[in-house]
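Beneath this line is the structure, given in structure tokens, with notes to follow.
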Amino acid sequence: MKQATARMRLLPAQEQGIAPADYRRLQYLYGEALAELNLRISNLQREQRLQLGRAPIHHVQTRIKTYSSICEKLTRKGYAVSIECARDRLYDIAGMRIVCPTVEDVYDVGQALRALPGIGILRERDYIRAPKENGYRSLHVVLNMPVCTVEGARRVPVEVQVRTLAMDVWASLEHDLCYKREATCAPRTRREMQGLSRRMAEVDARLSALRRETELS
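Numbering (UniProt numbering), first residue to last: 1 to 217.
Here you go:
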């Protein structure tokens with residue numbers, strides 16, 4: 001599988017079914033969607049600071065999947081490597097990560113995302129209440145973002161991952177230690193990461209309790 005994937009990355013775009021011009025167009029559309037969402041999140045941050053006197057959002061990161069990453073994911077999921085399949089089957093070509101201090105902030109931001117005018121929700125998955133088997137925790141919301149083009153209005157999915165600082169640290173480490181080394185990651189390392197995820201959840205719970213105690217005092 002690794003040899004096939006490596007060979008796939010070396011093939012010209014036309015042979016894989018995605019022409020370079022099509023990928024550039026895809027980049028533009030999803031980039032516009034991210035820019036619009038970034039603007040709305042910035043406005044939301046300012047509004048929350050005025051209302052709450054603090055910032056429920058610690059920081060925001062965005063990314064658009066690379067050409068090779070799109071091809072690799074389509075292949076892994078058994079889809080044809082084509083621009084049509086990329087648009088129709090992949091909801092995470094454009095991604096935003098919103099990192100918050102506490103779990104309550106995560107759910108507050110999730111509620112704010114649902115309330116954004118003119119933007120629909122395509123899918124939502126709560127991996128905080130129901131973590132993945134490997135210990136991954138985060139709130140995933142796929143937004144249906146409007147994009148204006150010369151051909152008219154379009155809708156583009158953007159996957160937003162909302163998580164706490166503790167969840168973000170764990171996810172970054174798990175990605176380096178296990179996800180990128182799936183074939184060689186030792187079972188002991190996976191068990192250790194699962195245990196660390198549970199301890200991170202305890203840290204999040206205590207931080208939430210401290211926040212409530214501080215606000216009540």
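Where is the CB? At the ideal position from N, CA and C, for every residue including glycine.
None of the values given here were measured: they were computed from a predicted structure.
Shortest Cα-Cα distance from residue 215 to any of 27, 53, 107, 77 involves 53.
Approximately 5 Å separates the beta-carbon atoms of residue 131 and residue 137; this is inside 8 Å, confirming the contact.
At least 8 Å separates the beta-carbon of residue 26 from that of residue 158. Within 10 angstroms of the beta-carbon of residue 172 lie fewer than 16 other beta-carbons, which makes it exposed. Pairing residue 145 with residue 164, the inter-Cα distance amounts to about 24 Å. In summary, residue 61 is exposed, with fewer than 16 beta-carbon neighbours lying within 10 Å of its beta-carbon over all protein chains present. Per DSSP, reduced to three states, the secondary structure at residue 75 is helical. Burial of residue 100 is indicated by the presence of at least 16 other C-beta atoms within 10 angstroms of its C-beta.
By the C-beta criterion, the segment 28-42 is judged to be in contact with the segment 85-94, since at least 3 inter-stretch pairs fall below 8 Å. Per DSSP, residue 19 lies in no alpha helix (DSSP H) and is assigned neither H nor E. Note on geometry: alpha-carbon atoms of residue 20 and residue 151 lie some 20 Å from one another. When DSSP states are grouped into helix, strand and coil, residue 54 belongs to the coil group. Cβ neighbours of residue 167 within its own chain (closer than 7 Å, five residues either side excluded): 137, 138, 200.
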